[in-house]
Amino acid sequence: MCVLSIFKIILNFPIKAKVLGYCIRGYCCSKTLIDDANTLEFKDIPGPRSYPIIGTLYKYLPVVGDYDAEALDKTSWLNWHRYGGLVRECPGVNLLHIYEPEVMEAMFRRCDRYPARRSHVAMLHYRLSKPQVYNTGGLLSTNGPEWWRLRSAFQKHFSGPQNAKLHVNTMDDVVTEFIDWIKNNNLTVVHNFLPLLNRLNLEAIGAIAFNERFNSFSASEMDVTSRSSKIVDAAFGSNSGIMKLDKGIMWRFIKTPLYNKLAQSQGYLEKTDCLI
-6 MCVLSIFKII LNFPIKAKVL GYCIRGYCCS KTLIDDANTL EFKDIPGPRS
44 YPIIGTLYKY LPVVGDYDAE ALDKTSWLNW HRYGGLVREC PGVNLLHIYE
94 PEVMEAMFRR CDRYPARRSH VAMLHYRLSK PQVYNTGGLL STNGPEWWRL
144 RSAFQKHFSG PQNAKLHVNT MDDVVTEFID WIKNNNLTVV HNFLPLLNRL
194 NLEAIGAIAF NERFNSFSAS EMDVTSRSSK IVDAAFGSNS GIMKLDKGIM
244 WRFIKTPLYN KLAQSQGYLE KTDCLI
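Numbering (the working numbering), first residue to last: -6 to 269.
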């Protein structure tokens, strides 16, 4: 099990989008999904121009493209501003981006019991290539009944109010330790707290999910070569290339540097898991 958390609203939409209205001058008037009498073919939904073979991948290339696979917020804003609440992309596969909450809700209500979202495809490929280690692709990359099985298992033990109460004292200890460390080191608002928040999250996840304290704020663990430092680096190494790998296709044929970074990061987390 690894420390990962990425959420994207990108749905795999193979054939038709059932929508009311159309996007005009960048403003979408679609509000709900209706019956088959009112449909748009996927190719008719607004979006960046698609070319044979490369689709819309050129939008993510340096110089010629104006999209950034790592800046999802900026890319999403550009899509919404230019094309509206429903945007079509074809970077090797058909993608339908949904940016309006009402349409998201309507889409989920009309879809099957299990939502289908295209995310963490390289992670899925990596894990399924190692059946001796993994028996599933994980919660973020899995769809269908297997996704529901995993989600139910996690939800049962972590999301209920009674379960949360079991960890109140543990979390209080973790946060108190974090606050004491800040006070003892005289940190102020001018400091970059993100690395410290990463350690706080690691401590919380370790204590609740693994019953393991990593002592991330001890003098020895603050060293860059310590276990907690390497775990945080591996988590970011796993996550840092997800967006680009989801958009790209080269890693499917050759082990690209970005895919290798994912594999190496996952490998370290696997070794650490065996030692806990």
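We put the CB at the ideal spot given by N, CA and C, even for glycine.
Discussion item. Between which residues of its own chain and H160 is the CB-CB distance below 6 Å, once the five residues before and five after are set aside?
Written reply: Position 167 of the sequence shown, counting from 1, holds the residue named residue 160. Answer for H160: I201, listed in chain order.
Item to complete: Using beta-carbon positions only, say whether Y119 and Q257 come within less than 8 Å of one another.
Response: Looking up residue 119 in the sequence shown gives position 126. Looking up residue 257 in the sequence shown gives position 264. Taking 8 Å as the Cβ cut-off, Y119 and Q257 do not qualify as a contacting pair.
Fill in: Beta-carbon gap between L187 and S209 smaller than 8 Å
Counting from 1 along the sequence shown, the entry for residue 187 is found at position 194. Counting from 1 along the sequence shown, the entry for residue 209 is found at position 216. In this structure, S209 does not lie closer than 8 Å to L187 by Cβ.
Worksheet entry | Cα-Cα separation, T249 to P45 | The residue given as residue 249 occupies position 256 in the sequence shown. The residue given as residue 45 occupies position 52 in the sequence shown. Distance between the alpha carbons of T249 and P45: 23 Å.
Item to complete: Determine the extent of the alpha helix (DSSP H) in which I91 is found, giving its start and end residues.
Response: Residue numbering aside, residue 91 sits at position 98 when the sequence shown is read from its first letter. Element bounds for I91: not the alpha helix (DSSP H) but the beta strand (DSSP E), L88 to I91.
Worksheet item: How should Y60 be labelled, buried or exposed, when 16 other C-beta atoms within 10 angstroms of its C-beta is the threshold for buried?
Response: Reading the sequence shown from its first residue, position 67 is the one you call residue 60. Looking at its Cβ environment, which holds 16 or more other Cβ atoms inside 10 Å, Y60 is buried.
Discussion item. Please report the distance separating the alpha-carbon of L180 from that of D173.
Written reply: Reading the sequence shown from its first residue, position 187 is the one you call residue 180. Reading the sequence shown from its first residue, position 180 is the one you call residue 173. About 11 Å.
Fill in: Environment of V96 [buried if 16+ CB atoms lie within 10 Å]
Mapped onto the sequence shown, residue 96 falls at position 103. Here V96 is buried: its Cβ has 16 or more other Cβ atoms, across all protein chains shown, within 10 Å.
Worksheet item: Would you call the segment 63 to 76 and the segment 238 to 255 in contact, with 3 or more CB pairs under 8 Å?
Response: no
Practice prompt. Identify the continuous alpha helix (DSSP H) that holds E263 and give its terminal residues.
Written response: The residue given as residue 263 occupies position 270 in the sequence shown. Counting along the chain, the alpha helix (DSSP H) containing E263 begins and ends at P250 to L268.
Practice prompt. Would you mind stating whether F35 and R81 have Cβ atoms separated by less than 8 Å?
Written response: In the sequence shown, counting from the first residue as 1, residue 35 sits at position 42. In the sequence shown, counting from the first residue as 1, residue 81 sits at position 88. Yes, Cβ-Cβ distance for F35 and R81 is below 8 Å.
Discussion item. Which residue marks the beginning of the alpha helix (DSSP H) containing V114, and which one marks its end?
Written reply: As a position in the sequence shown, residue 114 is number 121, starting the count at 1. V114 to L121 is the span of the alpha helix (DSSP H), which, as asked, contains V114.
Discussion item. Alpha carbons only, please: which of V182, M164, A227 and H184 is nearest the one belonging to I198?
Written reply: In the sequence shown, the residue the question calls residue 198 occupies position 205. Of V182, M164, A227 and H184, the residue nearest in Cα terms is M164.
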